[in-house]
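Q: Let me give you the structure first, and then I'll get to my questions.
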Amino acid sequence: MYRPLPREFYNRDPIKVARELLGKLLLRQAPDGLTAGIIVEVEAYLARNDPANHAFRGLTRRNASMFGPPGHAYVYAIHSRWCLNAVTEPVGVPSAVLIRAVEPRQGLSLMRSRRGIDDPRLLARGPGRLCEAFAIDRSLDGCDLTVAERLWIADEPTELPVRIETATRVGVTSAQQRRLRFFVADNPFVSKPGRPRRRTI
DNA sequence: CTACCGATTGACT
DNA sequence: GTCAATCGGTAGA
Numbered sequence: 139m140y141r142p143l144p145r146e147f148y149n150r151d152p153i154k155v156a157r158e159l160l161g162k163l164l165l166r167q168a169p170d171g172l173t174a175g176i177i178v179e180v181e182a183y184l185a186r187n188d189p190a191n192h193a194f195r196g197l198t199r200r201n202a203s204m205f206g207p208p209g210h211a212y213v214y215a216i217h218s219r220w221c222l223n224a225v226t227e228p229v230g231v232p233s234a235v236l237i238r239a240v241e242p243r244q245g246l247s248l249m250r251s252r253r254g255i256d257d258p259r260l261l262a263r264g265p266g267r268l269c270e271a272f273a274i275d276r277s278l279d280g281c282d283l284t285v286a287e288r289l290w291i292a293d294e295p296t297e298l299p300v301r302i303e304t305a306t307r308v309g310v311t312s313a314q315q316r317r318l319r320f321f322v323a324d325n326p327f328v329s330k331p332g333r334p335r336r337r338t339i
């Protein structure tokens, strides 16, 4: 239990990884304590033909982690917030899954003090809020997610099977047509449910 | 060096 | 629903 998912889990098509990350447990061991939550919303960013991918125009200092081995974190900043991705596919193939929201399960008081709010639904709903609640910043860019040290993802055996819905990605202005956002149906911790039109898989 | 632009959030109509 | 604050990353002079 809470053993990190193996490297091979991430060494696959990011769409498959994204779907299977739903229901998994994200764990963060920070100096001030442990926080954990069930992943309920993700987005896939593809290595090919995906203009929304930060790596679409090639390797830069920011996106270097996406070109590295699968199973590592890619953390980047936008609008003064941090966002967490899990890198997928082999070295040189820059794809990733953005973790957009989790349902808090452990360390709620720590999350509340970091976020400055009480409502559990707002603690980690949205990629920037999630990183604030979990104390994730650029220092975790490149962190190996397959070792249980600072940041990892594990199976949550007690979690019931979930119904998955798809939608277009949030905030993406190019490649809008693709339904690369995946989230747990009817879960109140999802950042933006439903969106264009619903389709249950 | 400057200029532009978000894989966002929170406040507001 | 709309809107803008805000700042690191990137491209280009």
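Heads up, the first sequence is in our numbering, so the first residue is 139 and it goes up one at a time. No residue lacks a Cβ here, since even glycine has one placed at the ideal position from N, Cα and C. Since this is a predicted model, take the numbers as computed values, not measurements.
(1) Look at the alpha carbon of L159 and the alpha carbon of R141, and state the distance between them as a whole number of angstroms.
(2) Tell me the rounded alpha-carbon separation between N264 and R319.
(3) Roughly how many angstroms separate the alpha carbons of K154 and G254, rounded to a whole number?
(4) Between the stretch 197 to 211 and the stretch 220 to 235, are three or more C-beta pairs nearer than 8 Å?
(5) Of all the options A193, H210, L268, N191, which has the alpha carbon lying nearest to the alpha carbon of I176?
(6) Please work out which residues of its chain come closer than 8 Å, Cβ to Cβ, to R288, disregarding the five sequence neighbours upstream and downstream, and give them in chain order.
(7) Return the chain-ordered list of same chain residues with a C-beta closer than 6 Å to the C-beta of L143, the five sequence neighbours on each side being excluded.
(8) According to DSSP, is L143 helix, strand or coil?
(9) Does the stretch 227 to 246 come into contact with the stretch 170 to 186, if we say contact requires no fewer than three beta-carbon pairs (one atom in each stretch) closer than 8 Å?
(10) From the DSSP output, which residues share a beta bridge with R234?
(11) Quick one, which of V180, N191, W220 has its alpha-carbon nearest A305's?
(12) Let me make sure I understand the geometry here. Which of V308, S218, R316 has the alpha-carbon closest to that of S329?
(13) Quick check: what's the CA-CA separation for K162 versus Y148?
(14) Distance, Cα to Cα, P344 vs G266?
A: Reading off the structure:
(1) 14 Å
(2) The residue you asked about is not Asn; residue 264 is Gly in the sequence shown. Roughly 13 Å between the two C-alpha positions.
(3) 35 Å
(4) yes
(5) L268
(6) R166, Q167, A168, L278, C281
(7) I291
(8) coil
(9) yes
(10) A small fix is needed here, since residue 234 is Ala in this sequence, not Arg. According to DSSP, which records beta bridges pairwise, A234 is partnered with Y183, V225.
(11) V180
(12) V308
(13) 13 Å
(14) Shown here, the chain extends from 139 to 339; a query on residue 344 therefore has no answer.
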